[in-house]
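Numbering (our numbering), first residue to last: 71 to 448.
For glycine and all other residues, C-beta sits at the position ideal for the given N, C-alpha and C.
For clarity, every value in this text was computed on a predicted model and none was experimentally measured.
Data block below; observations after.
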């Protein structure tokens, strides 16, 4: 048996294992085998590991102190693909990003300032900067607070997560195809309108109604809808090909399952969330459902929410056309998802006829659940 020091944390609506890079083998070729055993793959039940059987509960985060100027820590996210012997490093996880700030404070990787420490982080999946403001007291992370986020019980202190210059995280462009709306030719469906954009992570968005959904289904309803899932995977695969991540639909499914994400949206509508609570139409600006590694996310991945919020403000996008022009002075986008509503703060500016995106911020919470040694067989 081998053992490795780890901290099991929740970040936003995801959770996973945090590792200090110094506690892992220098030879990175060993990492995948370690992480797969930690989570219990390829068994889809993950009975022999820490995995939670869905993508949001199968995160690996490697953190280290940075030597870069104006950067405190760097981190790399691994997405363990449930049921497969595969770890995907193509994309960042916005929710687990929220855990990196408190983790860095608690592990002594940054100098603590009270009552608030700004942790300057460089994500190595995307080479993008993120700043997180972390409440601190008595020299460490101050967990207790009155911040409540949809999809998580109870309250905690507020973490303000600001993704800096997030456009083009993987493709180098806000609009990888150059168009705010594209027409995709999908086998078994025909032509469909879609918005493809890259904000923190690449994303393709379509109308829920265009794939036979209402946009207010709960995750299991979508997961059991075979036709809708097949169509969404083809849409995701076509977008992956257009962005250069795959050569064909099969390649996208096999080798790029996490990039891009695919989502559906509809206009504000009242629905019942996964806790059987009513979410009213007036609480949101749009309703969305996101597929993450072949399954509907129980909330909304933070990086996907970043793309969705920008698309809602982007003239010519499918969302802009369906939802209408944002109200004058509007600064936020409220997204209804299976666990409730989340509020995003996209900072979209136009300069010399060009769209600029200095940042997208969101309110999150995080906490340390367990720390210790995780044991693997080999």
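Remark: C-beta atoms of residue 160 and residue 329 approach each other more closely than 9 Å. Between the C-alpha atoms of residue 308 and residue 255 there is a straight-line separation of about 8 Å. As computed with DSSP, residue 203 is found in a beta bridge with 188 and 230. Under the three-state reduction of DSSP, residue 304 is assigned to helix. Straight through space, the alpha carbons of residue 225 and residue 298 are spaced by roughly 35 Å. For residue 382, the enclosing alpha helix (DSSP H) covers residues 372-383. Between the C-alpha atoms of residue 237 and residue 71 there is a straight-line separation of about 43 Å. In the structure shown, the three-state DSSP call for residue 194 is coil. According to DSSP, residue 145 shares a beta bridge with 133 and 193.
Residue range 436-446 is occupied by the beta strand (DSSP E) that includes residue 436. Here residue 319 is actually not in contact with residue 380; their C-beta atoms are around 26 Å apart, not less than 8 Å. When C-beta atoms of the region 392-410 are compared with those of the region 354-374, three or more pairs fall below 8 Å, so the two segments count as touching.
Runs of the beta strand (DSSP E) lying entirely within the region 334-365 and spanning at least 3 residues, in chain order: 356-362. A residue is called buried once 16 or more other Cβ atoms fall within 10 Å of its Cβ, and residue 342, having fewer, is exposed. Residue nearest to residue 388 within the set 267, 217 and 409 is 267 (criterion: CA-CA distance). Residue environment analysis places residue 155 among the exposed positions, since fewer than 16 neighbouring C-beta atoms fall within 10 angstroms of its C-beta. Remark: three or more beta-carbon pairs, one from each stretch, lie closer than 8 Å, so the region 301-317 and the region 243-254 are flagged as touching. Cβ atoms of residue 147 and residue 162 come within 8 Å of each other, at about 5 Å.
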